[in-house]
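Below you'll find the structure, written out as structure tokens, and then a few comments.
There are 2 protein chains.
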Amino acid sequence: QGSAEAGADKIATCVACHGEDGKATADIYPNLSGQSATYLESSLKAYRDGQRSGGMSAVMTPQATNLSDQDISDIAAYYSQQ
Amino acid sequence: QGSAEAGADKIATCVACHGEDGKATADIYPNLSGQSATYLESSLKAYRDGQRSGGMSAVMTPQATNLSDQDISDIAAYYSQQ
Numbered sequence: 282q283g284s285a286e287a288g289a290d291k292i293a294t295c296v297a298c299h300g301e302d303g304k305a306t307a308d309i310y311p312n313l314s315g316q317s318a319t320y321l322e323s324s325l326k327a328y329r330d331g332q333r334s335g336g337m338s339a340v341m342t343p344q345a346t347n348l349s350d351q352d353i354s355d356i357a358a359y360y361s362q363q
Numbered sequence: 282q283g284s285a286e287a288g289a290d291k292i293a294t295c296v297a298c299h300g301e302d303g304k305a306t307a308d309i310y311p312n313l314s315g316q317s318a319t320y321l322e323s324s325l326k327a328y329r330d331g332q333r334s335g336g337m338s339a340v341m342t343p344q345a346t347n348l349s350d351q352d353i354s355d356i357a358a359y360y361s362q363q
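As they're listed, the protein sequences go chains P and Z.
Each residue of the first sequence is one higher than the last, beginning at 282 in my numbering.
Each residue of the second sequence is one higher than the last, beginning at 282 in my numbering.
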């Protein structure tokens, strides 16, 4: 189970592109606000597990590689509540 | 250049999961409303070009395979304006 409170302490690198409020800082990035935790977990794990190339994967895969399942649940909880 | 008006005629299959208004019909799907056309094009092309596995790719890749660059621009324009 993800904790949005714990997630808030794990988004230091995420915010550069996705903002603290889940609003993309440039058009090439997606907004995360309003997405479900289920979807956010699914896509973040797909990046981490090397299942996405192209698109923004050159940025996302190295970042996601360092995340545990719990980290991903926490970050997903945080952004789903923005 | 994408046309939202043309895109409105090309979303017959998209709406089942993403809604006519870009609101996901279930938690496993992302909302598309409010995303930039740039991002929507990038991710749809990544699915079409076989650069995404895992996640929802089993659903998305076969759908996206049938889309031309113009189709993708039009659909991206449509959903970015929802």
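Think of the CB as a built atom: it goes at the ideal place given N, C-alpha and C, for glycine as much as any other residue.
Since we're looking at a predicted model, the values are computed, not measured.
Use the C-beta contact count for residue i: other C-beta atoms within 10 angstroms, 16 or more gives buried, fewer gives exposed.
i                : result
His323 (chain Z) : The displayed chain sequence assigns Ser, not His, to residue 323 (chain Z). When all chains shown are included, Ser323 (chain Z) counts as buried.
Asn394 (chain Z) : Look at the range of chain Z in this structure, 282 to 363, and you will see that residue 394 (chain Z) is not part of it.
Asp355 (chain Z) : buried
Pro343 (chain Z) : exposed
Gly283 (chain Z) : buried
Ser349 (chain Z) : exposed
Gly331 (chain Z) : exposed
Ala307 (chain P) : exposed
Can you name the residues of chain P whose CB is closer than 8 Å to the CB of residue i?
i                : result
Asn312 (chain Z) : Gly315, Gln316
Thr319 (chain Z) : Asp308, Ile309
Ser349 (chain Z) : Chain P residues near Ser349 (chain Z): none, gap ~18 Å exceeds 8 Å.
Using a beta-carbon distance below 8 Å, is residue i in contact with chain Z?
i                : result
Gly335 (chain P) : yes
Ala327 (chain P) : yes
Using a C-beta to C-beta distance shorter than 7 Å, which residues of chain P count as neighbours of residue i?
i                : result
Asp330 (chain Z) : Gly335
State yes or no: is the beta carbon of residue i nearer than 8 Å to at least one beta carbon in chain P?
i                : result
Ser323 (chain Z) : yes
Compare the Cα-Cα distances from residue i to each of the options and report the closest residue.
i                : options                                : result
Gln316 (chain P) : Z:Asp330, Z:Leu325, Z:Ala327, Z:His299 : Z:His299
Thr294 (chain Z) : Z:Met341, Z:Asn312, Z:Gln351           : Z:Met341
Tyr310 (chain Z) : P:Asp308, P:Tyr328, P:Ala318, P:Gln282 : P:Ala318
Near residue i, which residues of its chain fall below 7 Å by C-beta distance, leaving aside the five closest residues on each side in sequence?
i                : result
Lys304 (chain P) : Asn312, Ser314
Lys291 (chain P) : Asp352, Asp355, Ile356
With a cut-off of 8 Å, does the C-beta of residue i fall near any C-beta of chain B?
i                : result
Gly336 (chain Z) : This model lacks chain B altogether; the protein chains it does include are P and Z.
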